[in-house]
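*Asks:* Sequence lines, in order, name chains A and B.
Residues in the first sequence are numbered from 1 upward in steps of one, following the UniProt record's numbering.
Residues in the second sequence are numbered from 1 upward in steps of one, following the UniProt record's numbering.
Glycine included, C-beta positions come from ideal geometry on N, C-alpha and C.
From a predicted model like this one, the values you see are computed outputs, not experimental measurements.
Dropping the structure in here first, questions after.
There are 2 protein chains.
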Amino acid sequence: MNSLPPRVHIHEEGPREGFQIERGPIPTAQKIRLVDALAETGLADIQVTSFVHPGKVPGMADAEAVVAGITPRPGVRFTALWLNQRGLERAIATGRLHLEGKLTLYGSDAFLKRNQNRDPEAQRAAQPELIAMYQAHDIPVRTGFVTAAFGCNFEGDVPAERVVRLVDEMRAIARDHGEELSLVGLGDTMAWATPERIRRVVGAVQDANPDVALSLHLHDTRGLGLANAYAGLQMGVAHFDAAVAGLGGCPFAAHAGAAGNICTEDFAFMCAEMGIETGIDLEKLIACAVLAEEIVGHPLPGKVKTGGSLAALRARLG
Amino acid sequence: MNSLPPRVHIHEEGPREGFQIERGPIPTAQKIRLVDALAETGLADIQVTSFVHPGKVPGMADAEAVVAGITPRPGVRFTALWLNQRGLERAIATGRLHLEGKLTLYGSDAFLKRNQNRDPEAQRAAQPELIAMYQAHDIPVRTGFVTAAFGCNFEGDVPAERVVRLVDEMRAIARDHGEELSLVGLGDTMAWATPERIRRVVGAVQDANPDVALSLHLHDTRGLGLANAYAGLQMGVAHFDAAVAGLGGCPFAAHAGAAGNICTEDFAFMCAEMGIETGIDLEKLIACAVLAEEIVGHPLPGKVKTGGSLAALRARLG
């Protein structure tokens, strides 16, 4: 307990998760500008776009153009999201993305039904097909993800034991098909987590899987995002998804107040001030947050971009 | 460690701290409406106004009218702020307020100079005068407060040992003048705290003062408010200041991004979901947050008022 990790790895999801939910069309050049700026902050993993049906998510119709426009940079992996074979093939075709396979099970049957129109059996059955798809393209499958791992607006609380069972199932499916998961992500898709729940669920999954790293994907819909992240850090979790300036939100959560992920610069600030290495230049990241706000044209929820970093204040005080 | 308190006591400061900072004049009737609504939520302590110079803080010129207009309610203590004898006399004259004396020292000499134009010696010397003033009116002095207990925009980091010394000094001053402090508040006036710093400073003050309860006053300027509050809860802290909807901010912090206190309903939500008793009807409190936003006429930072409580969702799910 209270064993903060010496270093955290942040997967920046702002450009994908953020621009997907914005009402107005965001010019492709602006998306590229933000991604290029993010790539100069020290962030090692940046999810730049989503290869989804342009008819369904018009804001992502320029996925190829975004990827073609960004500037490669040593040490930076550009990642993307896809939901099916067609999407993956589009991502592969760019030739410029870091590609990894991921398995996904759901903590909530009701949300799975609503989101994918599938029952849990069908979702499990789909995973070997995913593995086969990745193997056909020589793409490693190292990550498993549990959506709605803490609770669901359509089903209620998700018990820790269910999450442990789902992780078990995912690892077994992977192993049965020649893959070994080394990272398991827990998604608080609809913001049901509290710090104590994070400790409980993370602890249960860690106890059953001491050989696997955990990652947290925390939405800030009810304001507990950073408190939950801190609870995760206390449990030694070292992988976090985050979105610059707090861009984004989940359109499928069918929830008026659904907010984005935890804000990257606020989280990075908290980590840095607690002595946890992030590899990030916070002042550059704050500049990206200001840029993101300029690009979307409305206030974004991150606080440090307004409040300022303490390192900057200390430097001024000498 | 990780000994959450079974119950927390929240001192609601929204009406005072919030309306003080708003640009436009807030009609007195609206202030009264919000206070009366807050008094029905189960909140036991509500700071309703500030008896300060009407020329300096025009938004508080209606302090007497606000106090005269609110409806007394059993179990609810209406409190107020004052900065000098004149203010205290105005508060006493209302005959409707719960009055308590408070001593204050500063974690930062630079901020004390800026805020009060005093050096630390003069600030210490002023405390016995305060005690005499309270004693002359039969008002108990039980609380000590350390302003800027975690850091200062004008001076930098504040070491835990300094805070321990200031608490020592305040307790000694009180004792030397026939009073005994039973509650010590630590103010993160300019948002320098992180969860780890909260644990360190709170732990140091607790170790030196096992017979005194602690209270936290946390500004959310850098987004860590609730994470810091959680760290305080883990240390057993059971007294918190908060502002409904996240109203407010400190005009004297001379900081563009200065945000208000932690948001009452977000904090109460976090506590309730972790099994900590607050005495608050969360749905009624959320309605107050919506009302506060209506009254000020612009978005306020609280999240649960948009995201909704989980208790409401659970009730709907049956």
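#1: Name the chain A residues whose beta carbon is nearer than 7 Å to that of Thr221 (chain B)?
#2: Checking 7 Å against the spacing of the C-beta atoms, do Phe150 (chain A) and Arg90 (chain A) come in under that value?
#3: Assuming Ile10 (chain B) is part of the beta strand (DSSP E), what are its boundary residues?
#4: Between the region 261-287 of chain A and chain B, which residues of the former have CB atoms less than 8 Å from a CB of the latter, in chain order?
#5: So, is the C-beta of Glu196 (chain A) closer than 7 Å to a C-beta in chain B?
#6: Going along chain B in order, which residues have a C-beta closer than 8 Å to the C-beta of Tyr230 (chain A)?
#7: In whole angstroms, what is the alpha-carbon distance linking Glu12 (chain A) and Gly187 (chain B)?
#8: Confirm, please, whether the CB-CB distance from Gly279 (chain B) to Gly87 (chain B) is below 7 Å.
#9: Indicate the three-state DSSP secondary structure (helix, strand or coil) for residue 343 (chain A) in the structure shown.
#10: Roughly how many whole angstroms lie between the Cα atoms of Gln123 (chain A) and Glu277 (chain A)?
#11: So with Cβ pairs under 7 Å, would you call Asn115 (chain B) a contact of chain A?
#12: So the beta strand (DSSP E) Lys102 (chain B) belongs to, where does it begin and stop?
#13: On the criterion of 16 or more Cβ atoms from any shown chain inside 10 Å, does Gly318 (chain B) qualify as buried, or is it exposed?
#14: Run the CB neighbour count on Ser3 (chain B), radius 10 Å, all protein chains shown included, and call it buried at 16 or more, exposed below.
#15: In whole angstroms, what is the alpha-carbon distance linking Pro5 (chain B) and Ile262 (chain A)?
#16: In chain A, which residues lie less than 9 Å from Ser259 (chain B) when you measure between Cβ atoms?
#17: Between A:Ala172, A:Asp45 and A:Ile173, which lies nearest to Leu97 (chain A) when the distance is taken from Cα to Cα?
#18: Leaving aside the five residues before and after Leu130 (chain B) along the sequence, list all residues of the same chain whose C-beta is less than 7 Å from its C-beta, in chain order.
#19: Excluding the five sequence neighbours on either side, which residues of its own chain have a C-beta within less than 7 Å of the C-beta of Leu166 (chain A), listed in chain order?
#20: Going by DSSP, what residue range makes up the beta strand (DSSP E) through Val141 (chain B)?
#21: Short of 8 Å in beta carbon distance, which residues of its chain neighbour Glu169 (chain B), apart from the five on each side in sequence? Order them along the chain.
#22: In chain order, which continuous runs of the beta strand (DSSP E) of length 3 or greater are located wholly inside the region 141-212 of chain A?
#23: Report the neighbours of Glu22 (chain A) on chain B: residues whose CB is nearer than 8 Å to its CB, in chain order.
#24: If you follow the alpha helix (DSSP H) that Leu130 (chain B) is part of, which residue opens it and which one closes it?
#25: Can you check whether the C-beta of Gly42 (chain B) is within less than 7 Å of a C-beta belonging to chain A?
#26: Whole angstroms are fine: how far does the CA of Ala63 (chain B) sit from the CA of Thr71 (chain B)?
#27: For the pair the region 227-238 of chain B and the region 218-230 of chain A, tell me if three or more CB-CB distances fall below 8 Å.
#28: If Ser215 (chain A) sits next to Phe269 (chain A), beta carbons under 8 Å apart, how far is it from one beta carbon to the other, in whole angstroms?
#29: For the region 173-203 of chain B, enumerate the residues whose C-beta is nearer than 7 Å to any C-beta of chain A, in chain order.
#30: Find the residues of chain A that neighbour Gly151 (chain B), judging by a C-beta separation of less than 8 Å, and give them in chain order.
#31: Sorted by chain position, which residues of the same chain lie with C-beta nearer than 8 Å to Ala315 (chain A)'s C-beta, five sequence neighbours on each side aside?
#32: Between which two residues does the beta strand (DSSP E) carrying Ala311 (chain A) extend?
#33: Where are the alpha helix (DSSP H) runs, 4 residues long or more, that stay fully inside the region 268-302 of chain A, in chain order?
#34: Does the separation of the CB atoms of Phe78 (chain A) and Ala110 (chain A) fall below 7 Å?
#35: Going along the region 128-155 of chain B in order, which residues come within less than 8 Å of chain A, judged by CB to CB distance?
#36: Tell me, please, whether the CB atom of Arg314 (chain B) is closer than 7 Å to any CB atom in chain A?
*Replies:* With the structure as the only source:
#1: Annotation: Cβ neighbours of Thr221 (chain B) in chain A (cutoff 7 Å, chain order): Lys303 and Gly307.
#2: With a cutoff of 7 Å on beta-carbon distance, Phe150 (chain A) and Arg90 (chain A) are scored as not near each other.
#3: That run of the beta strand (DSSP E) goes His9 to Glu12.
#4: So the close ones are Cys263, Asp266, Phe269, Met270, Glu273, Met274 and Gly275.
#5: Taking Cβ atoms only, chain B reaches closer than 7 Å to Glu196 (chain A), which makes this a yes.
#6: By Cβ distance, chain B contributes Pro195, Ala227, Tyr230 and Ala231.
#7: Near 33 Å, if we compare the C-alpha coordinates of Gly187 (chain B) and Glu12 (chain A).
#8: In this structure, the beta-carbon distance from Gly87 (chain B) to Gly279 (chain B) does not fall below 7 Å.
#9: Only positions 1 to 318 of chain A appear in this structure, which leaves residue 343 (chain A) out of reach.
#10: Pairing Gln123 (chain A) with Glu277 (chain A), the inter-Cα distance amounts to about 37 Å.
#11: Output row for Asn115 (chain B): interface = no.
#12: For Lys102 (chain B), the enclosing beta strand (DSSP E) stretches over residues Gly101 to Tyr106.
#13: Exposed: under 16 other Cβ atoms inside 10 Å.
#14: Classification of Ser3 (chain B): exposed, given that the 10 Å Cβ count is below 16.
#15: Spanning the two alpha carbons is a distance of roughly 27 Å.
#16: Here the sequence assigns Ala to residue 259 (chain B), which means Ser is not the residue at that position. Ordered by position in chain A, the residues that pass the 9 Å Cβ test against Ala259 (chain B) are Lys303, Thr306 and Gly307.
#17: Comparing Cα-Cα distances from Leu97 (chain A) to each of A:Ala172, A:Asp45 and A:Ile173, the minimum goes to A:Asp45.
#18: If we look at Leu130 (chain B) and ignore the five residues flanking it on each side, its Cβ neighbours are Gly101 and Leu103.
#19: Apart from sequence neighbours up to five positions away, the residues of its chain that approach Leu166 (chain A) with a beta-carbon distance below 7 Å are Leu105, Gly107 and Val146, ordered along the chain.
#20: Its beta strand (DSSP E) spans residues Val141 to Thr147.
#21: Sequence-distant Cβ neighbours of Glu169 (chain B) in its own chain, meaning closer than 8 Å and more than five residues away, are Leu105 and Arg124.
#22: Whole beta strand (DSSP E) segments, 3+ residues: 141-147 and 183-188.
#23: Those do not exist, as Glu22 (chain A) stays about 17 Å from chain B at its closest Cβ, beyond 8 Å.
#24: DSSP places Leu130 (chain B) inside the alpha helix (DSSP H), whose first and last residues are Pro120 to Ala136.
#25: At least 7 Å separates the CB of Gly42 (chain B) from every CB of chain A.
#26: Rounded to whole angstroms, Thr71 (chain B) to Ala63 (chain B) spans 15 Å at the Cα level.
#27: Result yes; three or more Cβ-Cβ pairs closer than 8 Å.
#28: About 20 Å separates the CB atoms of Ser215 (chain A) and Phe269 (chain A); that is not less than 8 Å, and the two are not in contact.
#29: Cβ contacts with chain A come from Ala191, Trp192, Thr194, Pro195 and Glu196.
#30: What Gly151 (chain B) touches in chain A: Leu310.
#31: Closer than 8 Å at the Cβ level, and outside the excluded window around Ala315 (chain A), lies no residue.
#32: Element bounds for Ala311 (chain A): not the beta strand (DSSP E) but the alpha helix (DSSP H), Leu310 to Leu317.
#33: Given a length threshold of 4 residues, each whole run of the alpha helix (DSSP H) inside the region 268-302 of chain A is given here in chain order: 282-296.
#34: Phe78 (chain A) is not a Cβ neighbour of Ala110 (chain A), given a cutoff of 7 Å.
#35: Cβ contacts with chain A come from Gly151, Asn153, Phe154 and Glu155.
#36: For Arg314 (chain B), a Cβ of chain A is located within less than 7 Å of the residue's own Cβ.
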